[in-house]
Amino acid sequence: MKVPRILVTGGAGFLGSALVAEALAQGGRVTVLDDLSTGRLSNLSAWQDAPGFEFVQGSVTDEALVERLVAAHERVLHMAAVVGVRLVLAAPARTVETNVTGSLNVLRAAARHGREVLLASTSEVYGRREPPFREEAAIELPHPEERRWIYAATKALSERTAFALARSEGLRVLVVRFFNTVGARQRGRYGMVLPNFVRQALAGEPLTVFGDGTQTRSFLAVQDAVRAVGLLLETERAWGQVVNVGSDEEVSILELAQRVVSVTGSRSPIVRMPYREAYGIDVDDIPRRRPALERLAGWTGFRPHFDLDGILREVVAAAPRRRARALEPGR
Ligand code: UDP
């Protein structure tokens, strides 16, 4: 069997590095392109000397570099993006530059060289609609004054660009809309809720629930996300399509906080924090989020292996315990 050479943009990130690990485990040859703006080399340290692995530090906005790398690989997993509500709000122009220009560079080069691309998109493109979010539904970009939606806009534009190039130049592309993906190596620095709650619980600090906590999310273990991607890449009918990758176990953020407290055995209180205090502005949150999984399950047979309890146990077990005092009795 011929082993494809795979380029993973954003391969030093949380999800990207998990995809790299899987591709190497399958015997693939993998090049990572990452500018290390949010990705970390430590995510890749286990494979730095692996045969067939190469790391290139650079940006997807570097058109010449992208052109050269895409030409040298058969398949591209385009994961590089500015992500995380906090980061997007802090750097809107960079979000557009990286996500739109970067995707355009990757997609154009892939079309030119006849390379296939998995384009990482997001559940944010569904906006504030009622779940389950179906791939065939119209995407939603709520009020442009609401600054969080710039991220969804960049991803929606990347999707459209991909399909335009598929039509006009025969680009072979698969668009995956990832829903909240979580796991041991994820960090909370750019807002992600689960690592924040776990860190707070283990440090004995209050768990900060933004808004009233009734907003829901559905969390998928990164191991399951990687497995789903692997199945999709081998599913011919998924190519040229959009597919949700997520879990349909929907939980409110308040309940998530309660479950983190319970799994950690923490004495931390749970406090509500207005969005304005959390993000510096009033953020238009998504009230509910849950994917429709008919495509993913029907086309690939995928079912998640981890439920939320399993995810929480694993994330907590792997979390650094800098201040384990929080868990000591009598505190
Ligand atoms: N959130 C929270 N406390 C935190 C971080 C996030 O209550 O410390 C909330 C956030 O307002 C949102 C949900 O958790 O309703 C998920 O946030 P995250 O940034 O992880 O992902 P996204 O909003 O992109 O789904």
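For what it's worth, the working numbering labels the leading residue of the sequence shown as 1063, then goes sequentially. For glycine and all other residues, C-beta sits at the position ideal for the given N, C-alpha and C. Every value quoted in this text rests on a predicted model; they were computed, and no experiment measured them.
Got a sec, what are the start and stop residues for the beta strand (DSSP E) residue i sits in?
i	result
Thr1278	Thr1278 to Ser1280
Ala1182	Glu1178 to Thr1184
Ser1330	Ser1330 -> no beta strand (DSSP E), and no H or E assigned at all.
Ile1068	Arg1067 to Thr1071
His1058	The first residue shown for the chain is 1063 and the last is 1393, placing residue 1058 beyond what the model contains.
Asn1306	Val1304 to Val1307
Val1237	Arg1234 to Phe1240
Glu1312	Glu1312 to Ser1314
Leu1269	Leu1269 to Phe1272
Mind checking residue i: buried by the 16 CB within 10 Å criterion, or exposed?
i	result
Ala1074	buried
Arg1279	buried
Thr1093	buried
Leu1236	buried
Ile1343	exposed
Arg1387	With a pLDDT of 49 at Arg1387, under the threshold of 50, the modelled position of that residue is not reliable, and the figure given next carries that caveat. Exposed.
Gln1119	exposed
Pro1382	exposed
Arg1177	buried
Pro1257	buried
Ala1080	buried
Val1065	exposed
His1140	buried
Provide the residue span of the alpha helix (DSSP H) that contains residue i, from first to last.
i	result
Val1005	The requested residue 1005 does not occur in the structure, where the chain is confined to residues 1063 to 1393.
Asp1096	Per DSSP, Asp1096 belongs to no alpha helix (DSSP H); it is in the beta strand (DSSP E), Arg1091 to Asp1096.
Thr1223	Trp1211 to Glu1231
Val1150	Val1147 to Ala1152
Gln1029	The structure shown does not extend to residue 1029, since the chain is modelled only from 1063 to 1393, so the question has no answer here.
Asn1167	Gly1164 to His1175
Arg1102	Careful: Arg1102 lies outside any alpha helix (DSSP H) and carries neither H nor E.
Just grab the DSSP bridge partners of residue i for me.
i	result
Pro1193	The partner list for Pro1193 (beta bridge, DSSP) is empty, contrary to what the question assumes.
Ala1353	Residue identity check: residue 1353 is Pro in the sequence provided, not Ala. Bridge partners of Pro1353: Phe1195.
Gln1119	Asp1096
Compare the C-beta of residue i with all C-beta atoms of chain B and state if any pair is closer than 8 angstroms.
i	result
Leu1127	Annotation note: the requested chain B is absent from the structure, which comprises a single protein chain.
The segment 1212–1222 / the segment 1105–1124 touching (three or more Cβ pairs under 8 angstroms): no
At a cut of 8 angstroms, does the segment 1128–1147 reach the segment 1156–1176 through at least three beta carbon pairs? Yes, they touch.
Can at least three beta-carbon pairs, one atom from the segment 1279–1295 and one from the segment 1357–1372, be found at a separation below 8 angstroms? yes
Is it the case that the segment 1219–1226 contacts the segment 1287–1295, given that we only count it when at least three CB pairs across the two stretches are under 8 angstroms? no
Inter-stretch contact at 8 angstroms, needing at least 3 Cβ pairs: the segment 1343–1354 / the segment 1180–1194: They touch, by the three-pair rule.
Does the segment 1129–1138 come close enough to the segment 1190–1207 to have 3 or more Cβ pairs within less than 8 angstroms? no
Could you tell me whether the segment 1260–1268 touches the segment 1304–1317, where touching means 3 or more Cβ pairs closer than 8 angstroms? no
Any contact between the segment 1244–1261 and the segment 1113–1127? By contact I mean 3 or more CB pairs, one from each, below 8 angstroms. Three or more Cβ pairs closer than 8 angstroms define a contact, and the segment 1244–1261 falls short of that threshold against the segment 1113–1127.
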